[in-house]
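Engineer: If you count the sequence shown from 1, you need to add 2 to reach this note's numbering.
Starting off with a structure, shown below.
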Amino acid sequence: MDVFDVELAQLRSRRRFLAELGMGSGALLAAPALGQGLVDLALPGGPSSRPTSSSFPEKGEMILQRARPPLLETPMEVFDQGVFTPNDRFFVRWHWADIPTSIDVQRYRIAVRGHVNRSLAISLAELLRMPRVELAAVNQCSGNSRGLFQPRVAGAQWRHGAMGNAKWVGVRLRHVLDLAGVKPGAIAVRFGALDQPVVPTGPDFTKSISLDHARDGEVMIAFEMNGEQMPLLNGFPVRLIVPGWYSTYWVKMLNDIEVLDRPDDGYWMAKAYKIPDTPHANVAPGTKDFPSVPINRMVPRSWITGWADGQTFSYAPELPVGGIAMGGDAGVAKVEISGDLGRTWHEASLGPDEGRYSFRRFDMTLRVPHAGSYTLLSRCTNTNGVTQPMTPNWNPGGFMRGCVEAARVRLT
3 MDVFDVELAQ
13 LRSRRRFLAE
23 LGMGSGALLA
33 APALGQGLVD
43 LALPGGPSSR
53 PTSSSFPEKG
63 EMILQRARPP
73 LLETPMEVFD
83 QGVFTPNDRF
93 FVRWHWADIP
103 TSIDVQRYRI
113 AVRGHVNRSL
123 AISLAELLRM
133 PRVELAAVNQ
143 CSGNSRGLFQ
153 PRVAGAQWRH
163 GAMGNAKWVG
173 VRLRHVLDLA
183 GVKPGAIAVR
193 FGALDQPVVP
203 TGPDFTKSIS
213 LDHARDGEVM
223 IAFEMNGEQM
233 PLLNGFPVRL
243 IVPGWYSTYW
253 VKMLNDIEVL
263 DRPDDGYWMA
273 KAYKIPDTPH
283 ANVAPGTKDF
293 PSVPINRMVP
303 RSWITGWADG
313 QTFSYAPELP
323 VGGIAMGGDA
333 GVAKVEISGD
343 LGRTWHEASL
353 GPDEGRYSFR
363 RFDMTLRVPH
373 AGSYTLLSRC
383 TNTNGVTQPM
393 TPNWNPGGFM
403 RGCVEAARVR
413 LT
């Protein structure tokens, strides 16, 4: 049995494992009843308490934002344990509740069709035999931190845990497109998946990127996540990886690749996930008429993760400050820390560079003159020279927050 046969056997084991769990729609819906406690996300615009649960298959304790479809947030303390987010604590976000609860890996196929020379139906066995690539990349929901928007906007009220970082292994999308042969005149590639709308009139979830982007050698079809098969709730058996772009493009349970010779006018590109075509996707609250574009590249962000916001410590003149940063669509160049509301900044030490799309650890020791309350700020600058702004943005979708975030501590 060669390595590819072994991997297929492991995929079959995953299918049996899910069956043994009795994973069906009832299991997903029953999860909230098994909540283990409550966490206060300190959201300014509305109720901020959420249950925690570890009853979802292949998941540890998560913050439960919604059960159907599953929206599971990663607790912030997980991000202090390393730059790679464990698979069992990796956030979950689905658009439709009709999600397959088991996958027949022998019958599963990825269709490649549309404006191509030859249509394909790629099996997992065939995919596993193709040349592989590995890339570390942050997967972040477009609405991460939406719960902090003021005034409040509709949608999932995440704090900061609708994100995760992993080492992804898969096949370059470019390789698959070359196998099909893209015809002249093609301009975009659209992706579909196994999840389905819950009502007949619901728009099937599809996303598209330009052909040049699809062929850049970084976009991949991934079947491995942090050295393991990815959990079903994170897209098993394969998902699209679009490094540096928001998670809405990272289509889970990918089963359809369509090359287009026209702009994608589907709902999820033409109407949903649109942002103001303004700096920082920012408009004044209440603004309705503004030019818009589909959300796309991520922006730099950073978070202090060493303690919970509002935590109390015994006073010491030196306070260790650490956390994680991301450069968005570029690497992390530097992270600065302020203990005086941004009047002065001190550059932190950076941990190992795992790649420009990965989280990067930062640490420093901040001198504090006396006991009392302190508001600590972290500010990331990426390798393109883009720095986090101090002022939060606002838009009616609650998308693309990227301002400097605060962590409050009390020293007694």
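Each residue gets a CB set at the ideal place from its N, CA and C atoms; glycine is no exception.
Whole angstroms is fine: what's the gap from Glu63's alpha carbon to Ser375's?
Structural biologist: In the sequence shown, counting from the first residue as 1, residue 63 sits at position 61. In the sequence shown, counting from the first residue as 1, residue 375 sits at position 373. In a straight line, the C-alpha of Glu63 is about 31 Å away from that of Ser375.
Engineer: Please report the straight-line C-alpha distance between Gly353 and Asp90, rounded to a whole angstrom.
Structural biologist: For the purposes of this step, residue 353 is identified with residue 351 of the sequence shown, where counting begins at 1. For the purposes of this step, residue 90 is identified with residue 88 of the sequence shown, where counting begins at 1. For Gly353 and Asp90, the distance between alpha carbons rounds to 24 Å.
Engineer: Would you please state the rounded distance, in angstroms, between the beta carbons of Gly172 and Met222? I believe it to be under 8 Å.
Structural biologist: Here the question's residue 172 lines up with position 170 in the sequence shown. Here the question's residue 222 lines up with position 220 in the sequence shown. Correct: roughly 4 Å between the Cβ atoms.
Engineer: Kindly give me the distance between the Cβ atoms of Cys382 and Gly329, rounded to whole angstroms, as I take these residues to be in contact under 8 Å.
Structural biologist: As a first step, residue 382 must be located in the sequence shown, where it is residue number 380. As a first step, residue 329 must be located in the sequence shown, where it is residue number 327. Indeed they touch by this definition, with Cβ atoms about 7 Å apart.
Engineer: Using the three-state DSSP reduction, which class does Asn236 fall into: helix, strand or coil?
Structural biologist: Here the question's residue 236 lines up with position 234 in the sequence shown. Here Asn236 sits in helix by DSSP.
Engineer: List in chain order: all unbroken alpha helix (DSSP H) runs of 4+ residues lying wholly within the stretch 180-234.
Structural biologist: The alpha helix (DSSP H) runs of length 4 or more contained entirely in the stretch 180-234 are, from start to end of the chain, 213-216.
Engineer: Closer than 6 Å by C-beta to Glu338: which residues in its own chain qualify, once you throw out the five before and the five after it? Chain order, please.
Structural biologist: Position 336 of the sequence shown holds residue 338. Once the five neighbours on either side are set aside, the close Cβ partners of Glu338 are Trp347, Glu349, Arg381.
Engineer: Please determine whether the Cβ atom of Ser360 lies at a distance below 7 Å from any heavy atom of the ligand NAP.
Structural biologist: Ligands are entirely absent from the displayed structure, and the ligand NAP is therefore not among its contents.
Engineer: To the nearest angstrom, how far is it from the Cα of Thr367 to the Cα of Phe361?
Structural biologist: Locating residue 367 in the sequence shown gives position 365, where the first residue counts as 1. Locating residue 361 in the sequence shown gives position 359, where the first residue counts as 1. Roughly 20 Å separates the two Cα atoms.
Engineer: Using 8 Å as the Cβ pair cut-off and three pairs as the minimum, do the stretch 235-244 and the stretch 384-394 touch?
Structural biologist: Verdict: no, contact absent.
Engineer: Name the DSSP bridge partner or partners of Lys336?
Structural biologist: For the purposes of this step, residue 336 is taken as residue 334 along the sequence shown, with counting starting at 1. In DSSP, Lys336 forms a bridge with Thr383.
Engineer: Leu256 and Arg241 look like a contact to me (Cβ under 8 Å); what is the Cβ gap, rounded to whole Å?
Structural biologist: Taking the first residue of the sequence shown as 1, we reach residue 256 at position 254. Taking the first residue of the sequence shown as 1, we reach residue 241 at position 239. That belief holds up - the Cβ atoms of Leu256 and Arg241 are roughly 6 Å apart, short of 8 Å.
Engineer: Please name the residue in Arg68, Pro46, Leu45, Gly47 whose C-alpha comes closest to that of Thr54.
Structural biologist: The residue labelled residue 54 in the question sits at position 52 within the sequence shown. The residue among Arg68, Pro46, Leu45, Gly47 with its C-alpha nearest the C-alpha of Thr54 is Arg68.
Engineer: Ignore the nearest five residues each way along the sequence and tell me which others in Ala216's own chain have a CB closer than 6 Å to its CB.
Structural biologist: Counting from 1 along the sequence shown, the entry for residue 216 is found at position 214. Excluding positions up to five away in sequence, the list reads Leu175, Val191.
Engineer: List the endpoints of the continuous alpha helix (DSSP H) containing Leu43.
Structural biologist: Reading the sequence shown from its first residue, position 41 is the one you call residue 43. It is not in any alpha helix (DSSP H) - Leu43 carries neither H nor E in the DSSP assignment.
Engineer: Hey, is the stretch 154-165 in contact with the stretch 197-209, meaning 3+ C-beta pairs nearer than 8 Å?
Structural biologist: no
Engineer: Tell me the rounded alpha-carbon separation between Pro71 and Ala99.
Structural biologist: Working through the sequence shown from its first residue, we reach residue 71 at position 69. Working through the sequence shown from its first residue, we reach residue 99 at position 97. One C-alpha to the other measures close to 4 Å.
Engineer: Given Asn298, which residues of its chain have a CB within under 7 Å of its CB, disregarding the five upstream and five downstream residues?
Structural biologist: Within the sequence shown, numbered from 1, the residue matching residue 298 stands at position 296. These residues qualify, in order along the chain: Trp247.
Engineer: For Gly39, I'd like the list of residues in its chain whose CB is within less than 6 Å of its CB, leaving aside the five on either flank, ordered along the chain.
Structural biologist: Here the question's residue 39 lines up with position 37 in the sequence shown. For Gly39, where only same-chain residues beyond five positions count, the Cβ hits under 6 Å are Thr54.
Engineer: Can you give the Cα-Cα distance for Val323 and Phe315, rounded to whole angstroms?
Structural biologist: Position 321 of the sequence shown, counted from the first residue, corresponds to residue 323. Position 313 of the sequence shown, counted from the first residue, corresponds to residue 315. For Val323 and Phe315, the distance between alpha carbons rounds to 13 Å.
Engineer: With a threshold of 8 Å, are at least 3 pairs of Cβ atoms found where one atom belongs to the stretch 271-288 and the other to the stretch 302-316?
Structural biologist: no
Engineer: Roughly how many angstroms lie between the CA atoms of Ser147 and Asn228, to the nearest whole one?
Structural biologist: Reading the sequence shown from its first residue, position 145 is the one you call residue 147. Reading the sequence shown from its first residue, position 226 is the one you call residue 228. Using only the alpha carbons, I get a separation of about 25 Å.
Engineer: Counting C-beta neighbours from all protein chains within 10 Å, is the total for Gly325 16 or more, i.e. buried, or is it exposed?
Structural biologist: Position 323 of the sequence shown, counted from the start, is the residue given in the question as residue 325. So Gly325 counts as buried.
Engineer: Considering only residues of the same chain and omitting the five flanking positions on each side of Ser212, which have a CB-CB separation below 6 Å?
Structural biologist: One-based indexing of the sequence shown puts residue 212 at position 210. So the qualifying residues of the chain are Ala190.
Engineer: Quick one: Cα of Ala44 to Cα of Asp311, how far?
Structural biologist: The residue given as residue 44 occupies position 42 in the sequence shown. The residue given as residue 311 occupies position 309 in the sequence shown. As the crow flies, the alpha-carbon of Ala44 is around 9 Å from that of Asp311.
Engineer: Using a Cβ-Cβ cut-off of 8 Å (strictly less than) and excluding sequence neighbours within five positions of Gly2, which residues of its own chain qualify?
Structural biologist: In the structure as shown, the chain begins at 3 and stops at 414. Residue 2 is therefore absent and cannot be evaluated.
Engineer: Could you please give me the residues that DSSP links to Lys276 through a beta bridge?
Structural biologist: Numbered from its first residue, the sequence shown carries residue 276 at position 274. In the DSSP output, where bridge partners are listed per residue, Lys276 has Pro296.
Engineer: Classify Met78 as helix, strand or coil using the three-state DSSP reduction.
Structural biologist: Position 76 of the sequence shown holds residue 78. Met78 falls in the helix class under three-state DSSP.
Engineer: Less than 8 Å between the C-beta atoms of Asn395 and Cys405, yes or no?
Structural biologist: Locating residue 395 in the sequence shown gives position 393, where the first residue counts as 1. Locating residue 405 in the sequence shown gives position 403, where the first residue counts as 1. Closer than 8 Å, so yes.
Engineer: Strictly by DSSP, which residues pair up with Tyr376?
Structural biologist: Mapped onto the sequence shown, residue 376 falls at position 374. Bridge partners of Tyr376: Val411.
Engineer: Three-state secondary structure (DSSP) at Met271?
Structural biologist: Residue numbering aside, residue 271 sits at position 269 when the sequence shown is read from its first letter. If DSSP states are grouped into helix, strand and coil, Met271 belongs with the helices.
Engineer: Considering only residues of the same chain and omitting the five flanking positions on each side of Thr416, which have a CB-CB separation below 7 Å?
Structural biologist: Since the first residue of the chain shown is 3 and the last is 414, residue 416 is not available in this structure.
Engineer: With a 10 Å radius around its C-beta and 16 neighbouring C-beta atoms as the bar for buried, classify Thr289 as buried or exposed.
Structural biologist: Translated into positions along the sequence shown, residue 289 becomes position 287. Under this definition Thr289 is an exposed residue.
Engineer: Mapping the DSSP letters down to three states, classify His177 as helix, strand or coil.
Structural biologist: Residue numbering aside, residue 177 sits at position 175 when the sequence shown is read from its first letter. In the structure shown, His177 sits in a helix (DSSP, three-state: H, G or I).
Engineer: Do Phe86 and Ala168 have their C-beta atoms closer together than 8 Å?
Structural biologist: If you number the sequence shown from 1, residue 86 lands on position 84. If you number the sequence shown from 1, residue 168 lands on position 166. Closer than 8 Å, so yes.
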